[in-house]
Amino acid sequence: MAQTAVWGADGANPAGGKRSLWRRFWSRSNERAGYLFILPSLIHLIVFLVVPLVFSLILSFHDWRNPNPANVPYVGLENYEFLMGDRRFWASMSNTLYYTVLAVPLGMAVSLGVALVLNQKLRGVYLFRTLFFMPVVSSWVAVSVIWITLLDPTTGIVNYLLAQIGIAPVNWLGDPRTAMPAIVIITIWKGMGFNMVIWLAGLQAIPQELYEAASIDGANRVQTFRFLTLPLLAPTSMFMAITGVIGSFQVFSPIYVITKGGPLGSTDVAVFHIYQRAFQNFDFGYAAAMAWVLFAVIFTATVFQLWLRRRRGEEIMF
Amino acid sequence: MINVQKATPAGVFLRFMGYAFLVMVALIMVVPFLWMVTTSLKTPGSEFTLPPQILPSEFNFASYNTLFNNLPFGRYFVNTVLITVLTVAGQLLVCSLAAYGFARLNFIGRDLLFLLYLATMMIPFQITLIPLFLIVFQLGWIDTYQGLIIPSISSAFAIFLLRQSFLSIPRDYQDAARIDGANEFTIYWRVFMPLNGPALATLGVFAFMGTWTDLLWPLLIARGENMRTLELGLAYFNARPNAFSQPNWPLLMAGSVVVMLPVLLIYFLAQRYFVQGISLSGVRG
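From first to last, the protein sequence lines stand for chains S and E.
Once you know that position 171 of the first sequence is 171 in the numbering used here, the rest is easy, because the numbers rise by one and skip nothing.
For the numbering used here, count along the second sequence from 1 and bump the result up by 1000.
#1: Considering only C-alpha positions, which residue in the set Ile216/S, Ser139/S and Pro176/S is nearest to Ser1214/E?
#2: Does the structure place the stretch 195-210 of chain S close enough to the stretch 169-177 of chain S that three or more beta carbon pairs sit under 8 Å?
#3: Would you tell me roughly how many angstroms separate the C-alpha atoms of Arg277/S and Met290/S, rounded to the nearest one?
#4: Should Asp268/S be labelled buried (16 or more other beta-carbon atoms within 10 Å of its own) or exposed?
#5: What does the alpha-carbon distance come out to for the pair Leu203/S and Gln1174/E?
#6: Suppose the cutoff is 7 Å on Cβ atoms and the five residues either side in sequence are ignored; what does the same chain contact list for Val75/S look like?
#7: Measure the alpha-carbon distance for Thr1008/E versus Met1029/E and round it to whole angstroms.
#8: List in chain order: all unbroken beta strand (DSSP E) runs of 3+ residues lying wholly within the stretch 1098-1173 of chain E.
#9: State yes or no: is the beta carbon of Thr1128/E nearer than 7 Å to at least one beta carbon in chain S?
#10: In whole angstroms, what is the alpha-carbon distance linking Phe1061/E and Ala142/S?
#11: Got a sec, what are the start and stop residues for the alpha helix (DSSP H) Arg87/S sits in?
#12: Applying a beta-carbon distance threshold of less than 8 Å, which residues of chain S neighbour Gly1018/E?
#13: Going by Cα to Cα distance, which pick from Asp217/S, Gln305/S and Ile274/S is closest to Met238/S?
#14: List the residues of chain S whose Cβ lies closer than 7 Å to the Cβ of Pro1250/E, in chain order.
#15: Would you list the residues sitting across from His62/S in a DSSP beta bridge?
#16: Go ahead and pull the three-state DSSP assignment for Lys1042/E.
#17: Cβ of Ser1063/E less than 7 Å from any chain S Cβ?
#18: Along chain S, in chain order, which residues have C-beta atoms closer than 8 Å to that of Trp1035/E?
#19: For a test of the three-state rule: what should DSSP assign to Ser352/S, helix, strand or coil?
#20: Express the C-alpha separation of Gly1224/E and Phe1114/E in angstroms, rounding to a whole number.
#21: Between which residues of its own chain and Phe1133/E is the CB-CB distance below 6 Å, once the five residues before and five after are set aside?
#22: Short check: CB of Thr1039/E to CB of Leu1230/E, under 7 Å?
#23: Using the C-alpha atoms, what's the distance from Trp1249/E back to Ile186/S?
#24: What number of angstroms, rounded off, separates the C-alpha of Phe1016/E from the C-alpha of Pro207/S?
#25: Have a look at Leu1232/E and Arg1178/E and give me their C-alpha separation to the nearest angstrom.
#26: Quick one: what does DSSP say Ser56/S is sitting in, helix, strand or coil?
#27: Here's the rule: buried if 16 or more other CB atoms are within 10 angstroms of the residue's CB, otherwise exposed. What is Tyr286/S?
#28: Indicate the three-state DSSP secondary structure (helix, strand or coil) for Ile206/S in the structure shown.
#29: Helix, strand or coil for Asp283/S, going by three-state DSSP, please let me know.
#30: Can you tell me which of the three DSSP states Thr259/S falls into?
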């Protein structure tokens, strides 16, 4: 970003310090073609991002119940007040939290393990990396269809394998206790390749000399990992934890395709709940209020993580 | 520290363990895909056996035939291709224009505007989703191609990445072209676009992937069957009319193969752009 400033400030005459205000103004706007270049994206940004943002806040203060309503009563903070006592909404928030607490740390740990092995410069690493990344680019609906059959209680491969080691069949997606863990397994499977690539980038940024120094000092594998690799991966893990939590709080596709929030509401997560409220009950105003509360929770979680890391003295990469 | 590369007994053992681990993970990653292909080639009604079959033993293409001849998957395919191609092309054009303006031209308010663009990257989609739907509804774009394409034709993230790439082109190129009498659009189109091929390819591949497999937006906008994308069509097809109807798994799996094949093909061909893109968006050191 420092480089940007140098490029941006030079204008026509980088040395010109004593020019009059008017001439500076004129020289800075002598490339007015710039406005034309950014115009299409600016119009798009205003119509499809800035206006919706403001509109969303307005919506949340109204009782807006129809895509094309005749009148929209202003209700002030009523939507937010009702929301505070809405058990079903808070149940969906707690399901989201449960999903996040399982999926983010497990997903990070599994992909770190794989990345560490891939980083050993074994032959054929390229092939493995390609295979591991395949689920990342795949479509959520297709992946869901596949996993519904893999997790089938009677004919699925997963229960077949478990039976081989003497574990009784599990009704993965049909039992409120196992439905969310099953969704977590599927998301970890799909996202593993993505996290792995980020871990690998972090691992490859660690200077090789440090490992040589550790080896000279007589550090063994475990010590090297614990006292060298892990601390140096802190910025990477920081990035992944923060983006991972933000992403998990917004999970939608697997829930929509696989469980539709069931069984017994055990996988009804926040965005799915908002989706149903808005686009099945057409309760747009209330759904907008829920979206803002969800955003506030995500924002708080992010700030909390940043604060936690800073307190532990870790370097913040943003 | 034991060097895995060396031919010491410990090194050989660790290398063996490493491969054993990688092969196991590879099986977990690949078997679901094999299972999808195998099941799609089976005769409906006899698809599940014990023990489960991973590799195909029969090659019955009837399900693929049904998808395209008895079900509108041909239409879904055309829709998906059309929407994806236009979204990717539009995004590359709109975002590269803006990136050139922000990276290479001076105008009043430029840095402030760019800051605004960056700030919008932090707005989560669930906040804008509902009003965006209402705006598209008011525009009369429900069930239209423009309703599916235009809202995603620009992205602040894409502009940010392209601007970074444009900044790495030496200023001399621009000056030289100006001396030769080229106008700004010519410089952008004839100098900057060709020189930034890899960055454009990375973004194109990402936009392709995101649009091809998008579910939520088509779910809201494509109401009629004729506007559905592959991903949405498959999702509707997967939703059973009632809990007792037995789904036609070979047909569903064939549909999954059709949805996935183009994305996987593009991925195998343009793999380095995917990896590059993630490293760009993710960590740097």
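Don't be surprised by glycine CBs; every beta carbon is placed ideally from N, CA and C.
Small disclaimer: the values here were computed from a predicted structure and weren't measured.
So, from the listed chains and residues:
#1: By 1-based counting over the second sequence, the position of residue 1214/E is 214. The sequence shown places Asp at residue 1214/E, not Ser. Out of Ile216/S, Ser139/S and Pro176/S, Ser139/S has the C-alpha closest to the C-alpha of Asp1214/E.
#2: no
#3: Here residue 277/S refers to the residue found at position 277 of the first sequence. Here residue 290/S refers to the residue found at position 290 of the first sequence. Taking the straight line from one Cα to the other gives about 9 Å.
#4: The residue given as residue 268/S occupies position 268 in the first sequence. By the neighbour-count rule (16 or more Cβ atoms within 10 Å), Asp268/S is buried.
#5: Along the first sequence, read from residue 1 onward, the residue named residue 203/S stands at position 203. Along the second sequence, read from residue 1 onward, the residue named residue 1174/E stands at position 174. Answer to the nearest angstrom: the Cα atoms are 38 Å apart.
#6: If you number the first sequence from 1, residue 75/S lands on position 75. Here the set comprises Phe61, His62 and Asp63.
#7: Locating residue 1008/E in the second sequence gives position 8, where the first residue counts as 1. Locating residue 1029/E in the second sequence gives position 29, where the first residue counts as 1. Taking the straight line from one Cα to the other gives about 31 Å.
#8: none
#9: For the purposes of this step, residue 1128/E is identified with residue 128 of the second sequence, where counting begins at 1. Yes, contact with chain S.
#10: The residue given as residue 1061/E occupies position 61 in the second sequence. The residue given as residue 142/S occupies position 142 in the first sequence. Roughly 18 Å separates the two Cα atoms.
#11: Taking the first residue of the first sequence as 1, we reach residue 87/S at position 87. Note, Arg87/S: alpha helix (DSSP H), Arg87 to Leu118.
#12: Locating residue 1018/E in the second sequence gives position 18, where the first residue counts as 1. The answer, in chain order, is Val117, Gln120 and Leu122.
#13: Taking the first residue of the first sequence as position 1, residue 238/S is located at position 238. When only C-alpha atoms are compared, the closest one is Gln305/S.
#14: Residue numbering aside, residue 1250/E sits at position 250 when the second sequence is read from its first letter. Going along chain S, no residue has its Cβ under 7 Å from Pro1250/E, so there is no contact; the nearest lies around 11 Å.
#15: Numbered from 1 along the first sequence, position 62 holds the residue referred to as residue 62/S. According to DSSP, which records beta bridges pairwise, His62/S is partnered with Tyr74/S.
#16: The sequence position of residue 1042/E within the second sequence is 42, counting from 1. Lys1042/E: coil per DSSP, three-state reduction.
#17: Locating residue 1063/E in the second sequence gives position 63, where the first residue counts as 1. For Ser1063/E, the answer is no, since every Cβ of chain S falls outside 7 Å of its Cβ.
#18: For the purposes of this step, residue 1035/E is taken as the residue at position 35 of the second sequence. In chain order: Ile146, Thr149, Leu150 and Ile157.
#19: Absent from the structure is residue 352/S, since the part of chain S shown begins at 1 and ends at 318.
#20: For this step, residue 1114/E is matched to residue 114 along the second sequence. For this step, residue 1224/E is matched to residue 224 along the second sequence. So the alpha carbons of these two residues sit roughly 39 Å apart.
#21: Taking the first residue of the second sequence as position 1, residue 1133/E is located at position 133. Leu1220, listed in sequence order.
#22: To locate residue 1039/E, count along the second sequence from 1; it is residue 39. To locate residue 1230/E, count along the second sequence from 1; it is residue 230. No; because the gap between Cβ atoms is not below 7 Å, this pair is not in contact.
#23: For the purposes of this step, residue 186/S is taken as the residue at position 186 of the first sequence. For the purposes of this step, residue 1249/E is taken as the residue at position 249 of the second sequence. The straight-line gap from Cα to Cα measures roughly 19 Å.
#24: In the second sequence, residue 1016/E corresponds to position 16, counting from 1. In the first sequence, residue 207/S corresponds to position 207, counting from 1. For Phe1016/E and Pro207/S, the distance between alpha carbons rounds to 26 Å.
#25: One-based indexing of the second sequence puts residue 1232/E at position 232. One-based indexing of the second sequence puts residue 1178/E at position 178. So the two alpha carbons sit approximately 49 Å from each other.
#26: Within the first sequence, the letter at position 56 stands for residue 56/S. Correct three-state label for Ser56/S: helix.
#27: Position 286 of the first sequence, counted from the start, is the residue given in the question as residue 286/S. Tyr286/S should be labelled buried.
#28: For the purposes of this step, residue 206/S is taken as residue 206 along the first sequence, with counting starting at 1. If DSSP states are grouped into helix, strand and coil, Ile206/S belongs with coil.
#29: Residue 283/S sits at position 283 when you count from the first residue of the first sequence. Three-state DSSP puts Asp283/S in coil, outside helix and strand.
#30: Your numbering for residue 259/S matches position 259 in the first sequence. Correct three-state label for Thr259/S: helix.
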